[in-house]
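In this note's numbering, the protein residues as written are 1 to 605. Ideal Cβ placement from N, Cα and C applies to all residues, glycine included. Remarks on the structure that follows.
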Ligand code: TNX
């Protein structure tokens with residue numbers, strides 16, 4: 001008996017040691033090799049070399065590694081963590097080099113962002129006891145622009161939430177936050193010169209409660225809204241900077257502007273008793289800014305002046321998408337502008353507006369970025385294109401030697417639901433499975449020469465149907481891990497199988513332990529499908545170790561008190577009968593996956 005216990009104890013130690021010796025890093029580094037032994041970080045001495053001044057924030061981050069853990073040894077001073085800034089080491093921008101031995105961990109980079117990302121890697125590599133497996137890592141990003149967007153207009157999210165969003169981005173080496181601050185359903189940034197933008201435009205009387213396909217739409221009649229003061233904006237920008245994240249503000253024009261038009265109706269084509277309804281998510285036969293009036297440009301430029309003063313970002317996003325130009329057709333001012341400028345039509349009138357704003361921004365040292373509609377009617381010379389209606393717009397822009405950011409809806413719209421199951425929460429009614437996001441290669445369709453114009457990639461979180469911060473996290477997790485890998489890791493180092501079966505489970509287990517909302521993947525090995533036959537065998541693997549899979553055969557929703565599926569599940573269906581097999585994964589924290597329904601039938605011969 002004693003021997004058996006000893007054997008179990010030894011086996012346990014081996015397993016624990018083995019698990020702490022894996023490198024589960026997302027995004028996957030360019031090169032990572034394990035070596036024998038571990039480096040015990042708790043209690044280590046931290047030194048910094050080569051920095052122009054004491055890198056306080058980086059040292060604070062490093063001290064998270066050195067912090068004592070509940071269990072595990074902390075031999076104070078026995079080992080060293082060295083942060084070394086070395087511009088001569090030939091390390092690419094934002095890249096880093098890590099060398100970990102049992103006695104020291106050395107992190108070298110050519111810039112502070114590289115040190116920051118190296119620390120993120122070490123934080124991920126450390127196990128619960130603070131042990132880091134000995135290793136050699138050489139890493140740098142595939143793209144310089146690694147973005148994530150958040151729509152705070154359709155629903156509003158407070159500063160504290162935005163900061164947590166930024167934290168999560170930084171831990172995955174994402175470096176650009178696209179803050180969608182104005183839209184039909186709300187104006188969310190204080191503009192001192194135009195107080196009604198937030199006094200009026202930040203508030204609406206009703207909010208759509210159904211999904212995208214709901215016709216007619218139904219509403220909740222509650223006052224809803226919120227906005228960020230300029231102080232709060234500055235606070236977020238400063239917070240992001242410490243995380244090596246640039247914040248790009250988006251001020252939508254000329255469409256998606258009902259909130260502003262409600263506050264200042266004279267900015268539209270018809271200044272009158274029209275209803276500028278805010279609510280719901282579709283703009284209807286929408287009113288948009290009137291580019292026929294000089295007054296509109298004065299307004300837009302005054303707003304942008306305040307925006308520029310708040311955001312150091314070189315790129316300033318002016319939207320430009322989905323502008324309904326029908327009002328312009330009947331507007332004397334717009335028609336006069338078209339005639340005076342020799343424009344062909346309303347499409348070119350939008351292009352006229354974009355060009356003017358482009359020049360305005362350029363004169364202030366900034367650069368215009370817009371959704372791919374800004375190409376219609378002629379692209380302005382300096383503009384950067386964000387390709388959302390698929391990749392065609394981005395490819396066309398790169399061919400015209402314009403810089404491009406890829407954010408195609410079919411891969412990177414995180415407002416979409418996770419699957420086609422009716423169990424998914426109310427969403428934009430299109431499915432985007434994780435594997436589809438992971439498989440995206442932003443360089444797809446671009447020649448090597450054209451790829452020079454590809455700055456990078458971004459995912460978007462629109463929030464028409466995402467009413468709470470926790471729901472934002474649900475939309476984002478685990479998709480953000482796939483985004484990070486698309487943006488950072490060389491295509492040849494990506495592997496869906498290895499990602500989904502090795503590294504992702506480790507990250508899901510962490511989310512589960514933290515209590516963060518996330519979408520639990522369905523049990524692997526089960527799919528929504530109809531199968532025919534008499535005998536079935538399914539090989540089931542839970543989304544991550546520690547989850548359990550439960551099932552029913554009578555059509556009822558399975559719960560964790562139902563029968564548990566073994567790893568290999570066999571079922572007999574007699575001739576002429578059918579079964580509805582429903583299964584669900586339940587995580588250690590009790591979170592459930594959506595239910596997967598498999599219809600099994602054995603037709604009479
Ligand atoms: C299109 S993407 C929009 C957004 C919506 C989104 C819903 C883009 C530039 N415009 O206003 O929220 O679809 O997925």
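task: Pull up the distance between the alpha-carbon of residue 444 and that of residue 215, whole angstroms please.
output: Near 37 angstroms, if we compare the C-alpha coordinates of residue 215 and residue 444.
- prompt: Below 8 angstroms between beta carbons: does that hold for residue 350 and residue 325?
  reply: Yes, they are a contact pair.
Local conformation of residue 368 per DSSP, three classes: If DSSP states are grouped into helix, strand and coil, residue 368 belongs with the strands.
task: Report the three-state DSSP secondary structure of residue 249 (helix, strand or coil).
output: Residue state, collapsed to three classes: strand.
message: Can you look up residue 119 in the DSSP assignment and give me helix, strand or coil?
response: In the three-state reduction of the DSSP assignment, residue 119 falls in the helix class.
query: What residues in its chain sit with their C-beta under 7 angstroms from that of residue 401, if we drop five residues either side in the sequence?
result: Hits under 7 angstroms: 453.
- prompt: DSSP on residue 471, reduced to helix/strand/coil?
  reply: Reduced to three states, the DSSP call for residue 471 is helix.
message: Give the list of continuous beta strand (DSSP E) stretches no shorter than 3 residues that lie fully inside the stretch 420 to 473.
response: Counting only runs of 3 or more residues that sit fully inside the stretch 420 to 473, the beta strand (DSSP E) segments are 428 to 431, 454 to 459, in chain order.
- prompt: Apart from the five residues on each side of it in sequence, which residues of its chain come closer than 8 angstroms, Cβ to Cβ, to residue 170?
  reply: Within the same chain, and ignoring the five residues on either side of residue 170 in sequence, the residues whose Cβ sits closer than 8 angstroms to its Cβ are 116, 120, 243, 244, 245.
- prompt: Grouping DSSP H, G and I as helix and E and B as strand, with all else coil, what is residue 334?
  reply: It is helical.
query: DSSP beta-bridge partners for residue 104?
result: Looking at the DSSP assignment, residue 104 forms a beta bridge with 80.
- request: In angstroms with no decimal places, state the Cα-to-Cα distance between residue 563 and residue 551.
  value: Using only the alpha carbons, I get a separation of about 6 angstroms.
task: Check whether the stretch 250 to 260 touches the stretch 179 to 199, counting contact only when three or more Cβ pairs, one atom from each stretch, lie closer than 8 angstroms.
output: Short answer: they touch.
- prompt: So is residue 430 buried or exposed if we call it buried at 16+ other beta carbons inside 10 Å?
  reply: For residue 430, the number of other beta carbons within 10 angstroms of its own is below 16, and it is reported as exposed.
- request: State yes or no: is the C-beta of residue 172 within less than 8 angstroms of the C-beta of residue 26?
  value: Cβ atoms of residue 172 and residue 26: closer than 8 angstroms.
message: Given 7 angstroms as the limit, tell me if residue 388 has its C-beta closer than that to any heavy atom belonging to ligand 1.
response: Checking the Cβ of residue 388 against ligand 1 gives yes.
- prompt: Is residue 187 near ligand 1, going by C-beta to nearest heavy atom under 7 angstroms?
  reply: No; taking the cut-off as 7 angstroms, the Cβ of residue 187 has no heavy atom of ligand 1 nearer than that.
field: Cβ-Cβ distance between residue 588 and residue 549 below 8 angstroms
entry: In this structure, the beta-carbon distance from residue 588 to residue 549 does not fall below 8 angstroms.
message: Could you pull the DSSP bridge partners for residue 311 from this structure?
response: Under DSSP, residue 311 forms no beta bridge with any residue.
In chain order, each alpha helix (DSSP H) run of at least 4 residues that lies wholly inside the stretch 350 to 406: Segments of the alpha helix (DSSP H) lying fully in the stretch 350 to 406: 392 to 399.
- prompt: Can we count residue 322 as close to ligand 1, meaning its CB is less than 7 angstroms from some heavy atom?
  reply: Yes, the beta carbon of residue 322 sits closer than 7 angstroms to at least one heavy atom of ligand 1.
field: C-alpha gap between residue 193 and residue 298, whole angstroms
entry: If you take the alpha carbons of residue 193 and residue 298, they lie about 12 angstroms apart.
message: For the pair the stretch 565 to 585 and the stretch 595 to 604, tell me if three or more CB-CB distances fall below 8 angstroms.
response: Touching, per the Cβ criterion.
- prompt: Cβ-heavy atom distance between residue 488 and ligand 1 below 7 angstroms?
  reply: For residue 488, the Cβ stays outside the 7 angstroms cut-off from all heavy atoms of ligand 1.
- prompt: Quick one: does the C-beta of residue 371 sit closer than 7 angstroms to a heavy atom of ligand 1?
  reply: Yes.
- prompt: Taking 7 angstroms as the cut-off, is the CB of residue 64 close to at least one heavy atom of ligand 3?
  reply: The model on display carries ligand 1 but not ligand 3.
message: Counting C-beta neighbours from all protein chains within 10 Å, is the total for residue 103 16 or more, i.e. buried, or is it exposed?
response: Under this definition residue 103 is an exposed residue.
query: Is the stretch 472 to 486 in contact with the stretch 99 to 114, if contact means three or more CB pairs nearer than 8 angstroms?
result: Two segments are said to touch when three or more pairs of C-beta atoms, one from each, lie closer than 8 angstroms; by this definition the stretch 472 to 486 does not touch the stretch 99 to 114.
task: Assign residue 500 to one of two classes, buried (16 or more other C-beta atoms within 10 Å of its C-beta) or exposed (fewer than that).
output: By the beta-carbon neighbour count (other beta carbons within 10 angstroms, threshold 16), residue 500 is buried.
Residue 140 versus residue 488 - alpha carbon distance: Going by the C-alpha atoms only, they are around 7 angstroms apart.
- request: Output the boundary residues of the beta strand (DSSP E) element that contains residue 600.
  value: Looking at the DSSP string, the run of the beta strand (DSSP E) that includes residue 600 is 596 to 601.
- request: State yes or no: is the C-beta of residue 460 nearer than 7 angstroms to some heavy atom of ligand 1?
  value: At least one heavy atom of ligand 1 lies less than 7 angstroms from the C-beta of residue 460.
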